[in-house]
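Remarks on the structure that follows.
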Amino acid sequence: MFRARRMLAVTTATLLVAGLAACASDDNAGEGGNNTGTGDFAPVTIQHAFGSTEITQKPERVATVSWANQEVPLALGVVPVGMQAATFGDDDDNGMLPWVEDRLEELDAEAPVLFDETDGIDFEAVADTEPDVILAAYSGLTQEDYDTLSEIAPVVAYPETAWGTSWRDMILLNSEAMGMQTEGEQLVADLEDEIATTVSEHPALDGTSAMFLTHVDTTDLSEVSFYTTHDTRTAFFEDLGLSFPQSLIEASDATEAFSSSISSEQVDTFSDVDVIVTYGGEELVVALEGDPILSQMPAVQNDAIVPLPSDGPLGTAANPTPLSISYILDEYVTLLAEAAAKSE
203 MFRARRMLAV TTATLLVAGL AACASDDNAG EGGNNTGTGD FAPVTIQHAF GSTEITQKPE
263 RVATVSWANQ EVPLALGVVP VGMQAATFGD DDDNGMLPWV EDRLEELDAE APVLFDETDG
323 IDFEAVADTE PDVILAAYSG LTQEDYDTLS EIAPVVAYPE TAWGTSWRDM ILLNSEAMGM
383 QTEGEQLVAD LEDEIATTVS EHPALDGTSA MFLTHVDTTD LSEVSFYTTH DTRTAFFEDL
443 GLSFPQSLIE ASDATEAFSS SISSEQVDTF SDVDVIVTYG GEELVVALEG DPILSQMPAV
503 QNDAIVPLPS DGPLGTAANP TPLSISYILD EYVTLLAEAA AKSE
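Note that the sequence shown covers residues 203 to 546 in this note's numbering.
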């Protein structure tokens, strides 16, 4: 179903921004280069968790590390010289997610160098691409990672929390570093419009509370793990018209981590959850419904569960990124709305 819709996944947001970016981009972007243009560039200083990064000249060669940062330059019509290879959600094992493949095809560009980050950042490979800037606004960089990368080129790190950067801030920070702040702001605005339009077609979402269970072991349901409100998957719920149950807010206030867990004996804590989203597929739903304790959760009793494949495009894109939002928006919102209707 996704493949049939691949070319439809490039939304008005991306097309509009690509038009803006074309005015600032060199013609070689379509040939696998990534010249971001030679127009006026005002030096920028970007604050982040490790201090600040000053970029004094418009980057001509953009590299990205960690998850999804490559989608910002690509959405803006710029092909990175190097980017992280996809380690999950890759439906054809070529190291790229389907929405990234589609965008490269639209730009008539070859795939950039792919960095294998299975065992951490490949600093040598990054250096070999000779970047002018390294984008990592959404990442889990350590101080050591940041220091090493900074010896290669100016680095844009996450603003506050590792893996806690919203899709909006990912776009805004990375685009500013590229000298394309206006185009980045337009991309955010267009995606927000697209989301709002899609959500408005599903009134069942309004007033529905949701939580995201994660890493649930169907052979041992003695513990329930979940993403806190600090995680970008959970934060995306609010974009999609859902709300946080008070129980999740309180559990999240007790930690700065993006995930947490409780004993299944305490699961009545989440009695105010209307919809559960989780990885694992139908087998997990069967396990939850068959468990004497977890089956008492209202969302489980009402079958208001959205099971996502843990290794497919839909499950991957539940963590929103600049190009994936349009790719799965209709499908994801429809599934959420169907579950919300069961909770009424």
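From the three backbone atoms N, C-alpha and C, an ideal C-beta is built for every residue, glycine too.
None of these values were measured; they are calculated from a predicted model.
Residues near residue i by beta carbon distance below 7 Å, same chain, minus five either side
i	result
I257	P245, V246, V335, P356, A379
R208	Note on R208: pLDDT 37, under 50, position unreliable in the model; the coordinate value appears next. For R208, where only same-chain residues beyond five positions count, the Cβ hits under 7 Å are P300, D304.
First and last residue of the uninterrupted beta strand (DSSP E) at residue i
i	result
P509	507-510
T480	477-481
L415	412-415
Straight-line gap, residue i to residue j (C-alpha atoms, nearest Å)
i	j	result
S473	P524	33 Å
S497	P447	18 Å
G279	E326	26 Å
A277	A453	36 Å
E546	T400	21 Å
V479	S526	18 Å
D513	A311	26 Å
R370	D433	14 Å
M413	T350	37 Å
Burial state of residue i (16 or more Cβ within 10 Å)
i	result
G253	exposed
I451	exposed
V488	exposed
A456	exposed
E346	exposed
S402	exposed
Endpoints, alpha helix (DSSP H) assigned at residue i
i	result
Y348	345-352
F439	434-441
E485	484-492
Y534	526-545
D325	Per the sequence presented here, residue 325 reads as Phe, with Asp not at that position. Taken as a continuous stretch (DSSP letters only), the alpha helix (DSSP H) holding F325 covers 325-330.
E452	448-455
M372	369-379
P515	515-519
Beta-bridge partners of residue i, as assigned by DSSP
i	result
I248	T255
A265	G284, I336
V315	G284
Y429	S461
S445	S411
V157	Because the chain is modelled from 203 through 546, residue 157 falls outside the range shown and cannot be assessed.
Residues near residue i in its chain [Cβ-Cβ closer than 6 Å; skip 5 each side]
i	result
V315	G284, T331
D408	G443
P275	V264, P282
8 Å Cβ shell around residue i - same chain, five flanking residues per side excluded
i	result
E144	Since the displayed the chain opens at 203 and closes at 546, residue 144 lies outside it and no answer follows.
S466	L423, S424, E425, V426, D493, I495, L496
E491	S497, V502, D505
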